[in-house]
Amino acid sequence: MTLRIERIGPAVSIQDAGRPGGMGLGLSRSGAADRQGYIAACALAGAPLGAAAMEMAGFGGRFRVEAPTRIALAGARMRASLDGAPIAWNATNIASAGSVLDIGAAEDGVYGYLLPGGGLDTPEELGGRGFHRIAGLGRPLKEGDRLSVLPDPAPDAPPLILPTPAPETGPTRVMPGPQTALFDTDTRERFEATVFTRSAKANRQGVRLDQDGAPFTAGAQLQRVSDFISEGDIQMTGDGTPYVLLADCQTMGGYPRIGTVLPVDLNRIAQALPGQEFRFRFVSTEEAEALWMADEHLLARLRKKLNPLVRDPRMMSDLLDYELIGKPLAD
Amino acid sequence: MTRPEILPLGPDGVLVRFADALSEPANRAALAFRAMVDASALEGVSETATSLTSTLVRFRPDQVRRTVIEEALFRIAESREWSDVPLPEGRTLWHIPALFEGPEAPDLEAVSREIGRDPETAISELTAAPLRVLALGFAPGQPYLGFLPEHWNIPRRTEITPEVPRGAVVVAVRQVIPFANPAPTGWWQVGRTAFRCHDPELDPAIPLKPGDELRFQAVSREEFSRLSGAMHGGAEPEAIG
Numbered sequence: 001m002t003l004r005i006e007r008i009g010p011a012v013s014i015q016d017a018g019r020p021g022g023m024g025l026g027l028s029r030s031g032a033a034d035r036q037g038y039i040a041a042c043a044l045a046g047a048p049l050g051a052a053a054m055e056m057a058g059f060g061g062r063f064r065v066e067a068p069t070r071i072a073l074a075g076a077r078m079r080a081s082l083d084g085a086p087i088a089w090n091a092t093n094i095a096s097a098g099s100v101l102d103i104g105a106a107e108d109g110v111y112g113y114l115l116p117g118g119g120l121d122t123p124e125e126l127g128g129r130g131f132h133r134i135a136g137l138g139r140p141l142k143e144g145d146r147l148s149v150l151p152d153p154a155p156d157a158p159p160l161i162l163p164t165p166a167p168e169t170g171p172t173r174v175m176p177g178p179q180t181a182l183f184d185t186d187t188r189e190r191f192e193a194t195v196f197t198r199s200a201k202a203n204r205q206g207v208r209l210d211q212d213g214a215p216f217t218a219g220a221q222l223q224r225v226s227d228f229i230s231e232g233d234i235q236m237t238g239d240g241t242p243y244v245l246l247a248d249c250q251t252m253g254g255y256p257r258i259g260t261v262l263p264v265d266l267n268r269i270a271q272a273l274p275g276q277e278f279r280f281r282f283v284s285t286e287e288a289e290a291l292w293m294a295d296e297h298l299l300a301r302l303r304k305k306l307n308p309l310v311r312d313p314r315m316m317s318d319l320l321d322y323e324l325i326g327k328p329l330a331d
Numbered sequence: 332m333t334r335p336e337i338l339p340l341g342p343d344g345v346l347v348r349f350a351d352a353l354s355e356p357a358n359r360a361a362l363a364f365r366a367m368v369d370a371s372a373l374e375g376v377s378e379t380a381t382s383l384t385s386t387l388v389r390f391r392p393d394q395v396r397r398t399v400i401e402e403a404l405f406r407i408a409e410s411r412e413w414s415d416v417p418l419p420e421g422r423t424l425w426h427i428p429a430l431f432e433g434p435e436a437p438d439l440e441a442v443s444r445e446i447g448r449d450p451e452t453a454i455s456e457l458t459a460a461p462l463r464v465l466a467l468g469f470a471p472g473q474p475y476l477g478f479l480p481e482h483w484n485i486p487r488r489t490e491i492t493p494e495v496p497r498g499a500v501v502v503a504v505r506q507v508i509p510f511a512n513p514a515p516t517g518w519w520q521v522g523r524t525a526f527r528c529h530d531p532e533l534d535p536a537i538p539l540k541p542g543d544e545l546r547f548q549a550v551s552r553e554e555f556s557r558l559s560g561a562m563h564g565g566a567e568p569e570a571i572g
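Protein chains in written order, with our numbering: chain A, 1 to 331; chain B, 332 to 572.
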């Protein structure tokens with residue numbers, strides 16, 4: 001079974017659970033930018049952790065499905081239709097042979113995930129299939145690509161849906177890291193008191209945060225030796241501008257980092273739209289440790305939340321848009 | 332050397348830091364510390380690695396508490412003096428051919444001025460320097476090599492070069508890096524090698540290990556072109572025990 005790309009957005013790539021264990025080789029784990037969204041796609045597809053999905057930043061594309069298969073859609077909600085009929089998000093949908101899947105613009109986030117059948121079957125390199133720009137692995141997908149798809153693990157399963165989690169509104173939680181102490185108490189307090197906005201400058205490596213106050217500088221930052229980076233680190237560049245580092249961050253860096261966004265909250269940064277506001281709150285290492293969850297556990301937890309897809313209210317509103325049922329008459 | 336600092340790096344990581352500034356003994360200590368952690372096979376540890384002056388220990392918080400890992404690492408840190416630890420065994424000395432002229436060496440003149448030598452002397456110092464892989468980082472298999480002589484302690488450029496090619500040999504702050512992939516850099520490009528830091532066609536795909544030694548060999552343009560298709564770009568490994 002193959003999926004043919006007839007049209008594609010500018011930042012669509014294959015992503016999976018990444019390549020863990022390579023820090024000593026200079027290889028950061030990388031993988032899906034919104035790990036929770038990607039794992040939701042695995043849960044819906046009934047695919048194992050590590051199955052390769054399509055990660056669509058901002059806009060999807062048009063895909064021709066060459067044999068019948070289920071298709072899981074998760075992550076940022078995107079306008080989606082199958083042969084012109086709107087279909088549900090955070091759900092599996094059944095595509096027949098020759099059908100055309102259209103994925104449009106993202107509506108409430110940045111990264112959407114499309115996982116057909118048992119996952120995309122492209123060659124592995126260094127233990128993963130994902131595009132990792134800084135590591136020189138893979139490439140963005142382009143028009144005309146034909147992607148092999150692994151057999152659907154449950155081709156006769158009914159369509160499924162996952163409840164959409166309520167949006168988080170509290171401060172984003174940050175734990176201290178090896179360079180937190182370089183920032184004096186006043187700077188750390190100001191960091192927690194500041195309202196940041198997500199800049200337009202963002203990609204899979206990191207997201208810049210803007211604010212109107214003084215820069216967040218550390219003492220003697222230029223003389224320090226480069227050291228390990230963790231995904232979620234909030235790095236202050238030479239002029240004191242914060243960047244939250246995402247999946248494609250490098251393994252080492254020289255800029256000081258004020259702390260690390262907890263993995264459980266990092267998808268909020270990855271999925272934030274330009275202009276979205278953030279506040280940060282420091283938590284202890286104990287609290288961070290308690291909130292850590294293995295990917296396998298999250299997958300198992302999401303599988304328990306799957307429901308049969310009966311009727312999706314959002315689909316109903318889309319149906320109104322498409323005028324398939326009568327709208328109230330205007331007078 | 333004082334005892335290392337034991338610090339959190341993310342909810343599933345501990346960083347054991349031997350120094351804030353780069354030094355040869357701190358790098359050696361980080362390598363030896365990692366080897367001791369690996370040998371002690373701590374339960375719940377998922378990954379270990381070394382940077383220039385630190386050892387990273389990643390663990391599974393669902394299998395072991397941070398305090399247990401930190402306690403074990405503290406005991407290892409207390410178990411010996413770290414200023415005089417030996418280098419790891421089973422190291423390799425790599426002889427790596429490189430071209431240090433023309434378009435492959437766009438910053439050679441500027442670097443020569445910075446270090447107060449003529450370009451010929453700069454190249455002979457660069458090829459005479461006994462370099463060591465201090466760490467692999469930034470991109471797969473890409474080594475940070477040290478140390479060039481003291482007068483090579485030059486800062487990075489003020490402007491970033493938007494892209495240097497794969498194999499670009501760049502220098503700054505007494506270190507040398509052969510680039511694994513095309514990438515932007517603030518370092519000075521003084522040459523280019525056909526050696527690939529990560530070659531998917533080879534096993535292992537990543538030939539260098541932290542602690543390995545390395546010498547550059549200046550070759551002619553004809554030789555450089557000939558080596559472009561050769562295994563390891565013509566680099567020769569030699570076991571040094």
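No residue lacks a Cβ here, since even glycine has one placed at the ideal position from N, Cα and C. Just so it is clear, the structure is predicted and the values come from calculations on it, not from any experiment.
task = Look at the Cβ atom of A:I110, then the Cβ atom of A:L209, and state whether they are nearer than 8 Å.
result = The displayed chain sequence assigns Val, not Ile, to residue 110 of chain A. Going by C-beta atoms, A:V110 is not nearer than 8 Å to A:L209.
ask   = Can the beta-carbon of A:E277 be found less than 8 Å from the beta-carbon of A:T197?
value = yes
key: Per DSSP, the bridge partner or partners of A:Y111   = A:A57
task = Please list the partners that A:E289 has in chain B, where partner means a Cβ-to-Cβ separation under 7 Å.
result = P342, P392, R397
request  = Kindly say whether B:T379, judged by its beta-carbon, lies nearer than 8 Å to any beta-carbon of chain A.
outcome  = yes
query = Buried or exposed: where does A:A300 fall if 16 or more other Cβ atoms within 10 Å of its Cβ makes it buried?
reply = exposed
Per DSSP, cross-strand counterpart(s) of A:A72 = A:T92, A:L115
Nonlocal neighbours in the same chain, by C-beta distance under 7 Å from B:Y475, ignoring five residues either side = L383, L465, A466, G468, Q506, I508
task = Check whether the segment 340 to 350 of chain B touches the segment 230 to 242 of chain A, counting contact only when three or more Cβ pairs, one atom from each stretch, lie closer than 8 Å.
result = yes
Minimum C-alpha distance to B:P335 - residue among B:G341, B:L362, B:P342 = B:L362
key: Complete beta strand (DSSP E) runs within the segment 371 to 423 of chain B (minimum length 3 residues, chain order)   = 376 to 381, 385 to 390
ask   = Just by C-beta distance, which residues in the segment 123 to 136 of chain A are closer than 7 Å to chain B?
value = E125, L126, I134, A135, G136
message = Does the CB of B:A363 have a neighbour CB from chain A at under 8 Å?
response = no
query = Roughly how many angstroms separate the alpha carbons of A:P328 and A:T237, rounded to a whole number?
reply = Here the model assigns A:P328 a pLDDT of 41, short of 50, so the residue's position is not dependable, and the following value carries that caveat. Going by the C-alpha atoms only, they are around 55 Å apart.
query = Are the CB atoms of A:L302 and A:A45 nearer to each other than 8 Å?
reply = no
message = For A:F196, report the span of its beta strand (DSSP E) as first-last.
response = 196 to 202
message = Tell me the DSSP secondary structure of B:D369 in three-state form.
response = helix
request  = Determine the DSSP secondary structure at B:G542, reduced to helix, strand or coil.
outcome  = coil
inquiry  = Going by beta-carbon coordinates alone, are A:R119 and A:G75 separated by less than 8 Å?
reply    = In the sequence on display, residue 119 of chain A carries Gly and not Arg. Not a contact, by the Cβ cut-off of 8 Å.
request  = Determine the chain A residues that contact B:S385 at a beta-carbon separation under 7 Å, and present them in chain order.
outcome  = D227, F228
B:H482 versus A:P263 - alpha carbon distance = 43 Å
message = Just verifying my parser: in three-state terms, what is the DSSP assignment at B:W483?
response = helix
ask   = Whose CA, out of B:V416, B:P417, B:I407, B:T423, lies closest to the CA of B:R546?
value = B:T423
request  = Kindly provide the ranges of any alpha helix (DSSP H) runs that are 4 or more residues long and lie completely inside the segment 483 to 571 of chain B, ordered along the chain.
outcome  = 552 to 558
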